[in-house]
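This report refers to the structure that appears directly beneath it.
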Amino acid sequence: MDWNLLFTSFENILHPSVLLSVLAGVTMGITIGALPGLTATMGVALLIPFTFGKPVTESLAMLLGLYCGGMYGGSISAILIRTPGTPAAAATVLEGYPLGQQGHAGRALSMALFASFCGGTIGALLMTFLSPPISKVALEFSYVEYFSLAVFGLSVIISISGTSILKGVIAGFFGLLISSIGFDPISGYPRYTFGFVELLEGPAFIPTLIGLFALSEFFSGMEKSNGIERIKAVVRAFPPKEDILVSLKNILKSSFIGAFIGAIPGTGGDIAAFVSYGEAKRSSKYPERFGTGVIEGVAATEAANNACSGGAMIPLLSLGVPGDSVTAVILGAFIIQGLQPGPLLYKEHIDVVYNVFASMIVANIVMLFVGIIGIRFFVRVISIDKKILLPVIFVLSMVGSYAMRGNVFDLWLSLIFGLIGFLMQRYGFPLSPILLALILGPMAESNLRRSLVMSNGSWKILVSRPISVILLCAAVLSIGISIWNHKRVAARTK
Amino acid sequence: MKRWALVLCMLLIVGSVLSAGGKAEKFPSKPITAICPWTAGGGTDVLLRALAKETEKFLGQPITVVNTTGGGGAVGHNAIRQAKPDGYTVGMITFELNSLPPQGLIPFTYKDFDPLMRLNVDPPALTVRKDSPFNSLKDFIEYAKAHPGEVSIGNSGPGSVWHIAAGLMAEKTGISVKYMPFDGAAPAVTALVGGHLTAVSVSVAEVRGQVQSGNLKILGVMDTKRSGIFPDVPTFQEQGIDVTFGTWRGLALPKGVDPEKRQILADAFKKGFDSPEFQAFAKNAGLNLAYQDSAAFGEFLAKNAADVELVMQKLGLAKK
Amino acid sequence: MYRYDIISGLVFALIAIYALITASSFPQDHVMGIGPNYFPTLLSIGLLLFSLILIGRGVLKRSKGKIEGFSLKEEGTKRLFLSVIVAIAYTLVLPFLGFTLSTFFVIAVYMKLLGIRSVRLLGSVPLLVVIAVYLLFEKFLSIALPSGFLKGLF
Numbered sequence: 000m001d002w003n004l005l006f007t008s009f010e011n012i013l014h015p016s017v018l019l020s021v022l023a024g025v026t027m028g029i030t031i032g033a034l035p036g037l038t039a040t041m042g043v044a045l046l047i048p049f050t051f052g053k054p055v056t057e058s059l060a061m062l063l064g065l066y067c068g069g070m071y072g073g074s075i076s077a078i079l080i081r082t083p084g085t086p087a088a089a090a091t092v093l094e095g096y097p098l099g100q101q102g103h104a105g106r107a108l109s110m111a112l113f114a115s116f117c118g119g120t121i122g123a124l125l126m127t128f129l130s131p132p133i134s135k136v137a138l139e140f141s142y143v144e145y146f147s148l149a150v151f152g153l154s155v156i157i158s159i160s161g162t163s164i165l166k167g168v169i170a171g172f173f174g175l176l177i178s179s180i181g182f183d184p185i186s187g188y189p190r191y192t193f194g195f196v197e198l199l200e201g202p203a204f205i206p207t208l209i210g211l212f213a214l215s216e217f218f219s220g221m222e223k224s225n226g227i228e229r230i231k232a233v234v235r236a237f238p239p240k241e242d243i244l245v246s247l248k249n250i251l252k253s254s255f256i257g258a259f260i261g262a263i264p265g266t267g268g269d270i271a272a273f274v275s276y277g278e279a280k281r282s283s284k285y286p287e288r289f290g291t292g293v294i295e296g297v298a299a300t301e302a303a304n305n306a307c308s309g310g311a312m313i314p315l316l317s318l319g320v321p322g323d324s325v326t327a328v329i330l331g332a333f334i335i336q337g338l339q340p341g342p343l344l345y346k347e348h349i350d351v352v353y354n355v356f357a358s359m360i361v362a363n364i365v366m367l368f369v370g371i372i373g374i375r376f377f378v379r380v381i382s383i384d385k386k387i388l389l390p391v392i393f394v395l396s397m398v399g400s401y402a403m404r405g406n407v408f409d410l411w412l413s414l415i416f417g418l419i420g421f422l423m424q425r426y427g428f429p430l431s432p433i434l435l436a437l438i439l440g441p442m443a444e445s446n447l448r449r450s451l452v453m454s455n456g457s458w459k460i461l462v463s464r465p466i467s468v469i470l471l472c473a474a475v476l477s478i479g480i481s482i483w484n485h486k487r488v489a490a491r492t493k
Numbered sequence: 000m001k002r003w004a005l006v007l008c009m010l011l012i013v014g015s016v017l018s019a020g021g022k023a024e025k026f027p028s029k030p031i032t033a034i035c036p037w038t039a040g041g042g043t044d045v046l047l048r049a050l051a052k053e054t055e056k057f058l059g060q061p062i063t064v065v066n067t068t069g070g071g072g073a074v075g076h077n078a079i080r081q082a083k084p085d086g087y088t089v090g091m092i093t094f095e096l097n098s099l100p101p102q103g104l105i106p107f108t109y110k111d112f113d114p115l116m117r118l119n120v121d122p123p124a125l126t127v128r129k130d131s132p133f134n135s136l137k138d139f140i141e142y143a144k145a146h147p148g149e150v151s152i153g154n155s156g157p158g159s160v161w162h163i164a165a166g167l168m169a170e171k172t173g174i175s176v177k178y179m180p181f182d183g184a185a186p187a188v189t190a191l192v193g194g195h196l197t198a199v200s201v202s203v204a205e206v207r208g209q210v211q212s213g214n215l216k217i218l219g220v221m222d223t224k225r226s227g228i229f230p231d232v233p234t235f236q237e238q239g240i241d242v243t244f245g246t247w248r249g250l251a252l253p254k255g256v257d258p259e260k261r262q263i264l265a266d267a268f269k270k271g272f273d274s275p276e277f278q279a280f281a282k283n284a285g286l287n288l289a290y291q292d293s294a295a296f297g298e299f300l301a302k303n304a305a306d307v308e309l310v311m312q313k314l315g316l317a318k319k
Numbered sequence: 000m001y002r003y004d005i006i007s008g009l010v011f012a013l014i015a016i017y018a019l020i021t022a023s024s025f026p027q028d029h030v031m032g033i034g035p036n037y038f039p040t041l042l043s044i045g046l047l048l049f050s051l052i053l054i055g056r057g058v059l060k061r062s063k064g065k066i067e068g069f070s071l072k073e074e075g076t077k078r079l080f081l082s083v084i085v086a087i088a089y090t091l092v093l094p095f096l097g098f099t100l101s102t103f104f105v106i107a108v109y110m111k112l113l114g115i116r117s118v119r120l121l122g123s124v125p126l127l128v129v130i131a132v133y134l135l136f137e138k139f140l141s142i143a144l145p146s147g148f149l150k151g152l153f
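Chains as they are written, first to last, in numbering that gives the first Met the number 0: chain F, 0 to 493; chain A, 0 to 319; chain P, 0 to 153.
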């Protein structure tokens with residue numbers, strides 16, 4: 000660690016013009032993140048052409064600011080209108096939305112901001128100081144480990160099932176089946192496409208997500224809009240002391256989980272958030288209260304998905320391999336600037352590496368300030384008359400579904416999943432398991448099949464590597480504990 | 000309520016009539032839409048956006064890039080084909096336009112487009128780990144022959160351009176290998192760096208970073224000439240294997256655009272292509288620019304389509 | 000209440016059976032024994048199994064939780080059906096009418112459905128939303144929205 004260089008980089012980043020870029024990036028990121036359908040990935044992609052011909056430090060600072068802001072922004076709509084602004088905020092809905100509905104939107108939003116800031120900063124610090132060793136572990140992940148990681152992630156389904164594990168598992172299987180729509184990942188055979196080319200790559204993720212959560216909520220709002228009183232909202236910039244104290248352990252733990260999952264190429268904030276949520280529930284003294292608005296749940300998911308940003312930068316910088324979908328786009332931005340991330344960047348442009356470290360940390364601080372100012376405006380959304388809010392949610396959902404692929408088909412997709420989501424929820428099926436299955440299903444299948452291709456069909460390959468064995472054991476353990484916890488809940492509520 | 004809506008509606012209609020009628024003016028008089036069949040932030044998208052940004056100056060109108068994606072490129076290509084042929088929509092067409100029809104996935108071919116210009120052609124390379132025992136294609140092929148089915152070659156997806164490239168090589172040399180498809184080139188390269196594959200058959204640009212930083216080495220390039228980035232690496236032909244292949248990207252219009260408008264677009268995009276800014280961008284991105292005008296691009300497309308279909312049939316990727 | 004578990008169980012069981020039958024027509028991979036059909040088959044068997052358990056629970060009247068059915072007599076249910084129809088209509092006309100016009104109307108219609116009578120609100124809210132979304136997406140983010148027959152006007 001070259002401390003001198005680190006201080007110089009902070010000097011570079013704190014230069015007014017660079018700071019302004021960070022500020023612009025963060026603000027744009029929060030806006031994009033909060034809007035359903037617009038993800039940090041898309042924001043970065045849209046911003047890249049504006050960085051052509053701009054100085055390296057400024058462009059990277061702006062993109063990283065957007066990345067951090069976008070990760071936080073997703074939680075705003077998750078808490079207020081039950082629509083995860085980005086997939087990474089889907090787990091935040093579980094606790095954040097009930098909190099908002101109970102009049103605690105201010106508490107939930109300020110905790111999301113605080114946890115995002117802590118997680119983001121811890122992620123950035125891990126990136127600054129531990130990049131080489133973490134990236135080494137990340138490279139150890141072959142298809143075998145990816146499969147086991149997916150199985151471990153899927154085991155969280157049990158803990159997000161709500162009142163009925165059986166219905167949660169059914170929702171999970173249904174989601175996995177949906178995820179098998181489209182090209183088979185190994186042979187390329189198109190499955191269950193019903194003749195639509197648009198389904199060849201599977202149902203587009205963002206419209207599906209919007210349909211399941213936002214539109215289903217819209218329909219249920221339309222059904223029971225009579226007699227809904229306005230929800231009061233208390234503005235607060237900082238979470239109350241008790242909330243911080245009770246969440247601190249979860250924030251720390253989730254930040255490490257998030258940064259590590261982020262560092263594994265091909266995984267992202269969505270997986271990190273769900274895994275952290277499962278862990279927060281597992282280790283809680285009152286797992287039965289989860290799902291009804293537990294502040295630690297918000298803290299865990301938001302710390303995890305923001306820590307993931309720092310984590311995902313680790314393999315990008317030290318190996319030249321993107322850690323998630325956003326960093327894949329950021330890789331493009333580096334290349335356009337004539338920089339090739341990887342060991343060579345450390346040799347030839349160490350100053351750029353340190354600037355990235357500094358930008359990431361500064362971006363999180365800027366995010367905290369923008370967020371504090373913003374919360375007072377965001378929180379009012381929840382008090383808007385439902386009669387006006389519902390139609391606006393509908394329009395934003397439709398526009399968000401369209402924007403990703405510029406395709407009217409996706410509007411239909413979103414609508415269909417909106418109805419599926421609405422009906423399933425009406426009949427007591429939880430929706431988050433579907434989402435988790437959609438994220439992890441393709442990862443599980445493709446890597447299982449790659450493993451079997453490598454082993455010539457022998458299943459023993461799955462227990463031939465230590466990390467894989469650990470993950471599979473963890474999955475079994477997690478399922479066992481969740482079922483046991485659930486029994487306890489059932490016993491208590493009787 | 001009705002009154003308000005009505006007044007607004009009237010205003011909008013009057014507005015549209017006013018702006019539509021009147022001037023029969025010179026082309027282009029409004030912004031151009033450029034359809035990209037691949038996601039924002041990907042290689043194709045960045046290339047198109049860079050080119051659009053430089054071309055705007057010469058066209059005098061802004062160019063909006065629209066990402067219409069899905070179906071392995073099928074949806075976007077279809078959107079270009081079905082766009083109104085008024086010259087205000089151009090599209091980026093890519094290699095998949097020739098590899099999707101043999102698989103029976105799209106009901107149209109390159110013939111349904113009006114090619115404007117070819118932009119780049121990127122050849123694949125056979126890349127292995129730096130510490131692998133292979134130092135030339137000959138080593139690799141001899142080993143693969145002696146150990147059939149043991150060597151694994153990663154590519155960017157089933158039926159993708161690099162899958163076909165690996166198949167072409169195996170077919171020409173008579174070796175039997177495992178094809179390992181990934182979701183894009185980057186994860187395949189990562190798996191190779193992690194030591195979970197024997198080789199990858201993706202483009203030079205996609206392995207450049209790892210080769211320069213000393214993790215990987217290239218055994219051969221499937222091009223007629225050596226790569227500009229790695230002039231020391233011999234081609235397949237030089238090593239006695241007569242295989243050339245590559246992915247390409249180009250601009251196309253829907254059929255039926257007025258030739259005059261077409262010429263204006265072609266000239267403007269050519270100027271954008273030649274601009275020092277775009278050339279610098281392409282150099283940074285490691286793109287192998289290979290301009291062809293409309294006529295030459297058309298001939299190239301025909302030959303490429305025939306070649307690709309033949310290979311895919313041999314590999315069992317084509318629908319019979 | 001038991002009824003609803005049986006119904007939803009049946010729906011998922013039917014989906015599973017459909018998936019199972021379709022999967023049997025996928026080409027098999029004889030080399031590895033695990034081809035495109037393998038995963039979907041496994042998943043549909045799982046779905047079928049658990050749906051049957053759900054049905055069984057319903058039949059044995061051991062369902063958990065409270066569920067209310069739909070009744071067309073209720074105001075809310077009527078509004079729900081109407082809102083689904085409006086949503087479908089909106090998606091149908093969007094490509095032709097374009098984003099601005101169809102969105103203006105759909106917001107107004109939904110607000111009316113929800114019981115807003117003030118003409119001023121019915122006019123101003125949709126207008127403001129359309130302008131805000133348009134500026135944000137088209138101008139600020141340069142993401143094209145469907146323009147319909149008004150293409151080139153804005």
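Beta carbons: idealized from backbone N, C-alpha and C, even for Gly.
The shortest C-alpha to C-alpha distance from F172 of chain F to any of F:R448, F:S454 and F:P429 is the one to F:P429.
Between the alpha carbons of S219 of chain F and A88 of chain P lies a distance of about 19 Å.
Listed in chain order, the non-local C-beta contacts of A44 of chain F below 7 Å within the same chain comprise V328, local neighbours out to five positions each way being set aside. Going by DSSP, I105 of chain A is part of no beta strand (DSSP E) at all; its letter is neither H nor E.
The three-state reading of DSSP puts P35 of chain P in coil, since its state is none of H, G, I, E or B. The beta carbon of G277 of chain F lies closer than 7 Å to those of V155, S158 and S477 in the same chain, with the five residues before and after it left out. Under the 7 Å criterion on CB atoms, S212 of chain A is classed as interfacial with respect to chain F.
For the pair G341 of chain F and T189 of chain A, the Cα-to-Cα distance works out to about 12 Å. Annotated as distal: I31 of chain F and G24 of chain F, with beta-carbon spacing of 7 Å or more. As computed with DSSP, M179 of chain A is found in a beta bridge with A:G153. Cα atoms of M168 of chain A and S175 of chain A: separation of roughly 10 Å, rounded to the nearest angstrom.
Bridge partners of R128 of chain A according to DSSP: A:L215. Close CB contacts of R248 of chain A within its chain, under the 7 Å cut and outside five residues either way in sequence, are with T43, L46, M91, T93, L118 and N119 (chain order). Under the 8 Å Cβ criterion, the region 291 to 298 of chain F counts as touching the region 106 to 119 of chain F, having at least three qualifying pairs.
Nearest neighbour of Q424 of chain F by Cα position, chosen from F:G28, F:A87 and F:S160, turns out to be F:S160. Bounds of the alpha helix (DSSP H) holding Y66 of chain F are V55 to I80. Counting only Cβ-Cβ distances below 8 Å, S179 of chain F has contacts in chain P at F38, P39 and L42, in chain order.
Here DSSP, grouped into helix, strand and coil, assigns T246 of chain A to strand.
Taking a C-beta distance under 7 Å as the contact criterion, V150 of chain A and T223 of chain A do not qualify as a contact pair.
Residue-level contact check: A22 of chain P does not touch chain A, since none of the beta carbons of chain A fall below 7 Å from its beta carbon. In the structure shown, V452 of chain F falls within a helical segment according to DSSP collapsed to helix, strand and coil. Taking the beta carbon of S141 of chain P as reference, the chain A residues within 7 Å of it are T63, listed in sequence order. Under DSSP, P122 of chain A forms no beta bridge with any residue. Taking 7 Å as the upper bound on Cβ-Cβ separation, chain P lies near residues R448, L451, V452 and G456 of the region 445 to 460 of chain F. Listed along the chain, the chain P residues whose CB falls inside 8 Å of the CB of V365 of chain F amount to none; the nearest CB is some 20 Å away. The region 67 to 81 of chain P and the region 117 to 133 of chain P do not touch, with fewer than 3 CB-CB distances between them shorter than 8 Å.
At the C-beta level, L316 of chain A and G158 of chain A come within 7 Å of one another.
For T54 of chain A, there are no neighbours in chain P by C-beta distance under 9 Å, as the nearest C-beta there is about 16 Å away.
Residues of chain P with a Cβ closer than 7 Å to the Cβ of E222 of chain F are, in chain order, G75, T76, R78 and L79. Residue environment analysis places Y109 of chain P among the buried positions, since at least 16 neighbouring C-beta atoms fall within 10 angstroms of its C-beta. Any Cβ of chain F closer than 7 Å to the Cβ of T93 of chain A would place that residue at the interface, and such an atom is absent.
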